[in-house]
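End of the sequence shown sits at 319 in the working numbering; the numbers just go up one at a time, nothing left out.
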Amino acid sequence: MTSTVGMLAVVVDGGGQLTLDAIGRPAPSAGEALVKVAAISLNRGEVKTAMAAVRGWRPGWDFAGTVVQAASDGKGPPVGARVVGAAPVGAWCEYIASSPFALATLPDSVSFEAAATLPVAGGTALYALRRGPQSAGRRVLVTGASGGVGVYAIQLAAAAGDEVTAAIRSPAHEALVRELGARHVTIGETLSPEGGPFDLIVDSVGGRTLGTALGLLAPGGACVNLGSSEGAEVAFDLTKFRGAGGTSLHGLALFYEMRNEAPTVVLSELVKRVADGSLKPVIERRAPIAEIAEVAQALIDRRFTGKAVLTF
């Protein structure tokens with residue numbers, strides 16, 4: 008439901024571009040809190056989907072802000088609580104009605120901007136690293152390592168004691184991924200086997216990179232694919248994949264994973280890590296929400312690494 012009180016929201020215009028429009032403010036149900044959104048972050052998947060969507064569609068997964076109306080059933084955070092949340096659609100707006108199971112509270116030490124980068128990128132990285140062997144000192148390859156998910160995957164893996172190899176497109180990003188915890192770095196279109204064979208591969212690139220990566224798995228290893236920025240079609244040497252023995256390929260979709268575990272659990276873990284300094288958001292673009300179209304295009308064009316955060 009919506010109220011007669013208006014708010015600004017990001018919507019798709021007639022040409023597949025993102026713009027701001029005035030719409031009705033949501034009227035939360037008994038089991039929902041109303042959050043005044045302070046910051047949102049962009050993810051490549053939602054931006055690509057939005058640019059191909061019909062006029063009026065509302066994108067948005069990540070948001071952070073303040074509870075201005077608590078859930079009337081008494082559950083969830085109280086009025087005034089600072090929160091971060093995830094929504095399957097429509098989160099890029101001034102106010103959002105959210106179930107408490109999709110929210111986590113924020114300590115004062117964690118900014119709204121930092122928190123807004125966590126739900127999709129941080130959550131996806133965390134779920135991906137749960138796959139494959141769980142032994143100490145795993146050899147982990149992260150492709151697209153300077154991207155939104157990659158920067159979190161490197162940090163989380165390194166903090167767990169894994170030996171991380173970061174695959175990046177540009178040598179300009181080498182210092183960043185090494186600072187985040189990568190022990191080895193492979194640069195360019197062709198993956199180097201340095202640091203392998205790998206017990207776990209976290210891939211967000213697809214295409215030829217994924218095809219090569221599958222041949223670098225160690226026996227019992229797993230590859231988790233998160234996206235296909237290089238291309239959706241993949242060709243690989245089946246003899247190398249099978250020859251390693253016990254290897255597996257998984258397709259990971261965050262909101263599918265969240266059907267089995269409340270988002271608040273993962274969000275709370277990520278917030279705790281940011282608060283204690285063991286996880287650092289990499290925010291390369293900051294802008295007001297009015298610049299949504301320009302920043303979204305910059306993301307698609309790979310004009311920055313890490314995350315982009317926009318504020319209301």
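Glycine is no exception: its CB is placed at the ideal position from the N, C-alpha and C atoms.
Kindly indicate which three-state DSSP category residue i falls into: helix, strand or coil?
i, result
"LYS82", "coil"
"GLU240", "coil"
"THR197", "coil"
"THR112", "strand"
"PHE70", "strand"
"LEU259", "coil"
"PRO295", "strand"
"SER285", "coil"
"LEU207", "strand"
"GLN141", "coil"
"THR56", "helix"
"VAL272", "helix"
"GLN304", "helix"
"ARG280", "helix"
"ALA88", "coil"
"VAL184", "helix"
"PRO126", "helix"
"ARG32", "strand"
"THR131", "helix"
"PRO107", "helix"
"PRO95", "coil"
"ALA37", "coil"
"ALA220", "helix"
"GLY250", "helix"
"GLY227", "strand"
"THR16", "Reading the sequence as shown, one finds Ala at residue 16 and not Thr. Strand at ALA16."
"GLU189", "Looking at the sequence itself, residue 189 is Ala, so the reference to Glu does not match. Three-state result, ALA189: coil."
"GLY63", "coil"
"GLY234", "coil"
"GLY214", "helix"
Might you give, ordered along the chain, the residues of its own chain that have their beta carbon closer than 6 Å to the beta carbon of residue i, omitting 5 neighbours on each side?
i, result
"ALA166", "SER285"
"THR216", "THR150 and GLU237"
"GLY252", "PRO226"
"ILE30", "ALA16"
"PRO270", "ALA93 and ALA109"
"ALA123", "ALA46, ILE47, SER48, ASP69, ALA71 and VAL316"
"GLY218", "VAL241, ALA242 and PHE243"
"GLU264", "TYR134"
If you drop the 5 nearest sequence neighbours on each side, which residues of the same chain put their C-beta closer than 7 Å to that of residue i?
i, result
"THR112", "PRO84, ALA88, ARG89 and VAL90"
"ALA59", "GLY23"
"ARG280", "LEU286"
"SER106", "GLY38 and GLU39"
"PRO178", "ILE194"
"VAL117", "VAL278, VAL281 and ALA282"
"PHE319", "VAL44, ALA45, GLU101 and ILE296"
"GLU201", "THR172, HIS191 and THR193"
"GLY213", "ASN232, GLY234, SER235, SER236, GLU237, GLY238, ALA239 and VAL241"
"ALA220", "LEU148, THR150, LEU198, ILE208, ASP210 and CYS230"
Is it right to say residue i is buried, meaning 16 or more other beta carbons lie within 10 angstroms of its own, or is it exposed?
i, result
"ILE175", "buried"
"VAL147", "buried"
"ILE290", "buried"
"GLY195", "exposed"
"ASP206", "buried"
"LEU245", "exposed"
"ARG145", "buried"
"ARG137", "exposed"
"ILE299", "buried"
"VAL272", "exposed"
"ASP169", "buried"
"ILE307", "exposed"
"ARG249", "exposed"
"ARG310", "exposed"
"VAL156", "buried"
"VAL209", "buried"
"ALA260", "exposed"
"ARG65", "buried"
"SER255", "exposed"
"GLY63", "exposed"
So, for residue i: in the same chain, excluding its five sequence neighbours on each side, which residues have a beta-carbon less than 8 Å away from its beta-carbon?
i, result
"THR312", "SER153, GLY154, VAL158, HIS180, LEU183, VAL289 and GLU291"
"VAL302", "LEU49, ARG292, ALA294, ALA315 and LEU317"
"TYR102", "MET14, ARG32, PRO33, LEU41, VAL42, LYS43, VAL44 and VAL75"
"HIS257", "ARG138, ALA229, CYS230, VAL231 and ASN232"
"PRO95", "TRP68 and PHE262"
"PRO142", "Residue identity check: residue 142 is Ser in the sequence provided, not Pro. Closer than 8 Å at the Cβ level, and outside the excluded window around SER142, lie ASP206."
"ALA121", "VAL281, PRO288 and ILE290"
"ASP20", "THR26 and ARG62"
Can you tell me whether residue i sits near the ligand NAD, meaning its C-beta is under 7 Å from at least one heavy atom of the ligand?
i, result
"ALA88", "Absence of the ligand NAD is noted for the structure shown, with no ligands found whatsoever."
For this session: Would you list, in sequence order, the uninterrupted beta strand (DSSP E) runs of no fewer than 3 residues that lie entirely inside the stretch 145 to 176?
Result: 146 to 150 and 170 to 175
Problem set entry | Three-pair Cβ contact test at 8 Å for the stretch 155 to 172 versus the stretch 131 to 139 | yes
For this session: Would you check if there are 3 or more beta carbon pairs closer than 8 Å linking the stretch 120 to 127 to the stretch 46 to 56?
Result: yes
Problem set entry | Three CB pairs or more closer than 8 Å across the stretch 72 to 83 and the stretch 29 to 41 | yes
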